[in-house]
Amino acid sequence: MRGFFLGCVAAVLAGSAAVANDASFAPGLTGDWNGARTDLKNEGWQFQVKGTFEGAWNPSGGDHSSVTGANELDFAALADLGKLIGDEGGSLEANITKRFGANLVESAGLNTLMQVQEIYGRGDIWRLTQLSFAQDLFNKAINVEFGRMNPGADFDVIPCNFENLTFCGSTPGNVDGDYWFNAPVSQWGARLKANVGDTVDLEVGLYQINPVNLKRGFSFDFSGGEGELIPFELEWKPALVAGLPGDYQIGGWHSSMRAADVFYDVNHDPLALTGSAPLMDHGRDGFFFDARQQITGEAPPKDAPAGAYGKGLTLFVKYLQSDRRTSMMDKQFAVGATYNGAIPSRADDEIALAFGTTHINDRVADGEALYNAAGLSPFHPVHHTEYAVELDYRAQIAPGAELSPNLQYVVDPGGVSARHDILVIGAKGVFTL
669 MRGFFLGCVA
679 AVLAGSAAVA
689 NDASFAPGLT
699 GDWNGARTDL
709 KNEGWQFQVK
719 GTFEGAWNPS
729 GGDHSSVTGA
739 NELDFAALAD
749 LGKLIGDEGG
759 SLEANITKRF
769 GANLVESAGL
779 NTLMQVQEIY
789 GRGDIWRLTQ
799 LSFAQDLFNK
809 AINVEFGRMN
819 PGADFDVIPC
829 NFENLTFCGS
839 TPGNVDGDYW
849 FNAPVSQWGA
859 RLKANVGDTV
869 DLEVGLYQIN
879 PVNLKRGFSF
889 DFSGGEGELI
899 PFELEWKPAL
909 VAGLPGDYQI
919 GGWHSSMRAA
929 DVFYDVNHDP
939 LALTGSAPLM
949 DHGRDGFFFD
959 ARQQITGEAP
969 PKDAPAGAYG
979 KGLTLFVKYL
989 QSDRRTSMMD
999 KQFAVGATYN
1009 GAIPSRADDE
1019 IALAFGTTHI
1029 NDRVADGEAL
1039 YNAAGLSPFH
1049 PVHHTEYAVE
1059 LDYRAQIAPG
1069 AELSPNLQYV
1079 VDPGGVSARH
1089 DILVIGAKGV
1099 FTL
């Protein structure tokens, strides 16, 4: 039972890193390249190089204290096909990613459910994160995209203002990373987005679930697929409070992939007692809800990127319910606040605070309790919920350069109350060229 639990959690943790790519293509540290960047954009080309560093040290908690750094390099290009070949509303986007470095969860034996360095994961290899074609249709009422993609770029998309994975990335990929593959992994996929009025979008996607993509950085092979992932979402972007921006997303997904039941074996007996092969269930489902609303301050400028928030206080909440039959972790919840421009002399800086929980499936805990009640050895702790808090200060040190020192505190690491709480001192840097 313990091996089964650890194997499942390891599989999810290995792939639960957040979406780190931002396709804004805004000029960064290198500026406008003496006008060349603007000239290229006018011709239909945009390029961006981004580097992300996340350092972490645990002065308390874990097996021992350690210091690690996790890194990502991201190379992106966007081609406007309207300007290049006259295909109005058409675009090609390419993205190549390289991750490297060390993970504090492993190095210090933290045994957490969520990474304390969200950028870590999916191997130290070069990866094709995106190579896709998108097209506006019917006067931009419809947008379709297909190619090598990942669902976390289009569904349950939330800003990543933190270093702990509890608060970053498309949440299904955090909890069910064994079949919902966020960046930097890509897979064959397609999605359709429909504008319903000025503030509402409906979106549906279809992605191949192919574990081969976890091992290969540049794979275009269709073979090895084990099912399809179908996410769907309704997004509403009103100005509910004094004309200030908000973003509300509700959606879900269905996977046709077969998966092991976390409680029953093939004979419908408790897996924890028999040690037999698990029952294989058909299909995996879940739903998510996210809300983000600016409630004080001023609206963002008209030329701000889509999805930007103005100076002031913004509140957010997110919730996910995953498949109870097959998911080791079945719920994640987070709530928090960000304040942009709290210090008048640092108008572009941001303070952020968040609290979140990650819940181990009660059916997993029931199996562990049965195992212990039967007197089997070794004793297995019964898992429940991991609690995380993070406080960040994001300093805009230059155009295209951000540095975010942070404090993280994790209670009941791994969902085990017997483990000591963990304090992590972190620093996240994002540099765009």
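Numbering-wise (the numbering used here), the sequence shown opens with residue 669 and increments by one. Ideal placement from N, C-alpha and C gives every residue a C-beta, glycine not left out.
For this session: Decide if the segment 921-931 is in contact with the segment 962-972; the criterion is three or more beta carbon pairs, one per stretch, under 8 Å apart.
Result: no
Problem set entry | Buried versus exposed, by CB contacts within 10 Å (16 or more), residue 1102 | Because residue 1102 is not part of the residues shown, which for the chain are 669 to 1101, the question remains open.
Exercise. When DSSP labels each residue in this structure, what does residue 797 get in the three-state scheme?
Worked result: On the sequence shown, position 129 is the one that residue 797 refers to. It is a strand residue.
Exercise. Would a C-beta distance cut-off of 8 Å place residue 831 and residue 1000 closer than the cut-off?
Worked result: On the sequence shown, residue 831 is found 163 positions in, with the first residue counted as 1. On the sequence shown, residue 1000 is found 332 positions in, with the first residue counted as 1. At a Cβ-Cβ threshold of 8 Å, residue 831 and residue 1000 do not count as neighbours.
Exercise. The alpha helix (DSSP H) spanning residue 749 covers which residue range?
Worked result: Locating residue 749 in the sequence shown gives position 81, counting from the first residue. Residues 749-753.
Exercise. With a CB to CB cut of under 6 Å and the five nearest residues on each side skipped, what residues in its chain are close to residue 696?
Worked result: The count along the sequence shown starts at 1 and reaches residue 696 at position 28. Excluding residues within five positions, the ones whose Cβ falls inside 6 Å are 1068, 1100, 1101.
For this session: Give the range of the beta strand (DSSP E) segment to which residue 1084 is assigned.
Result: Stepping through the sequence shown from its first residue, residue 1084 is reached at position 416. Unbroken run through residue 1084: none, as it is neither H nor E.
For this session: Just the C-alpha distance for residue 863 and residue 914, rounded to the nearest angstrom, thanks.
Result: One-based indexing of the sequence shown puts residue 863 at position 195. One-based indexing of the sequence shown puts residue 914 at position 246. Cα-Cα distance, rounded: 17 Å.
Exercise. Got a sec? Which residues, its chain only, sit under 7 Å from residue 1111 by beta carbon, not counting five neighbours each side?
Worked result: Missing from the structure shown is residue 1111; the chain here goes from 669 to 1101 and no further.
For this session: Please report how far the alpha carbon of residue 1125 lies from the alpha carbon of residue 942, in whole angstroms.
Result: Absent from the structure is residue 1125, since the part of the chain shown begins at 669 and ends at 1101.
For this session: Return the bridge partner residues of residue 768 from the DSSP annotation.
Result: Sequence index remark: in the sequence shown, residue 768 carries index 100 (1-based). According to DSSP, residue 768 bridges with 739.
Exercise. So residue 1024 and residue 1002 are in contact, right, with Cβ under 8 Å, and what is the actual spacing, rounded?
Worked result: Indexing the sequence shown from 1 puts residue 1024 at position 356. Indexing the sequence shown from 1 puts residue 1002 at position 334. Confirmed, about 3 Å.
Problem set entry | Cβ neighbours of residue 748 in the same chain (closer than 7 Å, five flanking residues each side left out) | On the sequence shown, residue 748 is found 80 positions in, with the first residue counted as 1. 712, 759, listed in sequence order.
Problem set entry | Whole beta strand (DSSP E) elements within the segment 956-1037, 3-residue minimum | The beta strand (DSSP E) runs of length 3 or more contained entirely in the segment 956-1037 are, from start to end of the chain, 980-989, 997-1008, 1018-1028.
Exercise. When the Cα atoms are used, what is the spatial distance from residue 1088 to residue 834?
Worked result: Stepping through the sequence shown from its first residue, residue 1088 is reached at position 420. Stepping through the sequence shown from its first residue, residue 834 is reached at position 166. For the pair residue 1088 and residue 834, the Cα-to-Cα distance works out to about 19 Å.
Problem set entry | Reduced DSSP secondary structure (H/G/I, E/B, other) of residue 780 | As a first step, residue 780 is located in the sequence shown; it is residue number 112 there, counting from the start. For residue 780, the three-state secondary structure derived from DSSP is coil.
Problem set entry | For residue 861, the first and last residue of its enclosing beta strand (DSSP E) | Taking the sequence shown and counting its residues from 1, the one referred to as residue 861 is at position 193. Judged by DSSP secondary structure, residue 861 falls within the beta strand (DSSP E) whose first and last residues are 855-864.
Exercise. Hey, which unbroken runs of the beta strand (DSSP E) at 3 residues or more fall wholly within the segment 857-919?
Worked result: 868-877, 895-904
Problem set entry | Residue from 1037, 1062, 963, 722 whose Cα sits closest to the Cα of residue 1011 | On the sequence shown, position 343 is the one that residue 1011 refers to. Checked all of 1037, 1062, 963, 722; the closest Cα to residue 1011 is 1062.
Exercise. Counting Cβ pairs, one atom from each stretch, are 3 or more of them under 8 Å apart for the segment 839-848 and the segment 982-992?
Worked result: Under the three-pair Cβ rule at 8 Å, the segment 839-848 counts as touching the segment 982-992.
Problem set entry | From 875, 796, 1031, residue whose alpha carbon lies closest to that of residue 923 | Locating residue 923 in the sequence shown gives position 255, counting from the first residue. Closest option to residue 923, Cα to Cα, is 875.
Problem set entry | Neighbour flag for residue 703 against chain B, beta carbons, 8 Å | The chain labelled as chain B is not found in the depicted structure, where only one protein chain is given.
Exercise. Is it true that the CB of residue 1098 sits closer than 8 Å to the CB of residue 720?
Worked result: Residue numbering aside, residue 720 sits at position 52 when the sequence shown is read from its first letter. Residue numbering aside, residue 1098 sits at position 430 when the sequence shown is read from its first letter. Cβ distance < 8 Å, so residue 720 and residue 1098 count as in contact.
Exercise. Where does residue 775 fall in DSSP's three states?
Worked result: For the purposes of this step, residue 775 is taken as residue 107 along the sequence shown, with counting starting at 1. In the three-state reduction of the DSSP assignment, residue 775 falls in the helix class.
Exercise. Helix, strand or coil: how does DSSP classify residue 727 here?
Worked result: Sequence index remark: in the sequence shown, residue 727 carries index 59 (1-based). Strand at residue 727.
Exercise. Between residue 853 and residue 897, which are expected to be in contact by the criterion C-beta below 8 Å, what is the C-beta distance as a whole number of angstroms?
Worked result: Your numbering for residue 853 matches position 185 in the sequence shown. Your numbering for residue 897 matches position 229 in the sequence shown. No, residue 853 and residue 897 are not in contact; Cβ-Cβ is about 12 Å, not under 8 Å.
For this session: Kindly list the residues whose CB is nearer than 6 Å to the CB of residue 723, restricted to its own chain and excluding five residues on each side of it in sequence; keep chain order.
Result: Along the sequence shown, read from residue 1 onward, the residue named residue 723 stands at position 55. Result list for residue 723: 737, 1095, in chain order.
Exercise. Apart from the five residues on each side of it in sequence, which residues of its chain come closer than 6 Å, Cβ to Cβ, to residue 903?
Worked result: Residue numbering aside, residue 903 sits at position 235 when the sequence shown is read from its first letter. For residue 903, where only same-chain residues beyond five positions count, the Cβ hits under 6 Å are 869, 917.
Exercise. Per DSSP, what kind of secondary structure is residue 690 in: helix, strand or coil?
Worked result: The sequence position of residue 690 within the sequence shown is 22, counting from 1. At residue 690, the pLDDT of 36 sits below 50, so the modelled position is not reliable; the number obtained from the coordinates is stated separately. Coil at residue 690, not helix or strand.
Problem set entry | Terminal residues of the alpha helix (DSSP H) in which residue 707 lies | Here the question's residue 707 lines up with position 39 in the sequence shown. 704-711 is the span of the alpha helix (DSSP H), which, as asked, contains residue 707.
Problem set entry | residue 806 (DSSP reduced to helix, strand or coil) | For the purposes of this step, residue 806 is taken as residue 138 along the sequence shown, with counting starting at 1. DSSP, reduced to helix, strand and coil, places residue 806 outside both helices and strands of the structure shown, so it counts as coil.
Exercise. Taking C-beta to C-beta, are residue 1052 and residue 1033 nearer than 8 Å?
Worked result: To locate residue 1052, count along the sequence shown from 1; it is residue 384. To locate residue 1033, count along the sequence shown from 1; it is residue 365. Yes; because the gap between Cβ atoms is below 8 Å, this pair is in contact.
For this session: Express the C-alpha separation of residue 778 and residue 1079 in angstroms, rounding to a whole number.
Result: Locating residue 1079 in the sequence shown gives position 411, where the first residue counts as 1. Locating residue 778 in the sequence shown gives position 110, where the first residue counts as 1. Each residue's Cα considered, the two are about 11 Å apart.
Problem set entry | For residue 953: DSSP bridge partner residues | If you number the sequence shown from 1, residue 953 lands on position 285. According to DSSP, residue pairing for residue 953 in a beta bridge involves 922.
Exercise. Thinking C-alpha only, which one of 866, 938, 848, 996 is nearest residue 894?
Worked result: By one-based count along the sequence shown, residue 894 stands at place 226. Comparing Cα positions, the closest option is 848.
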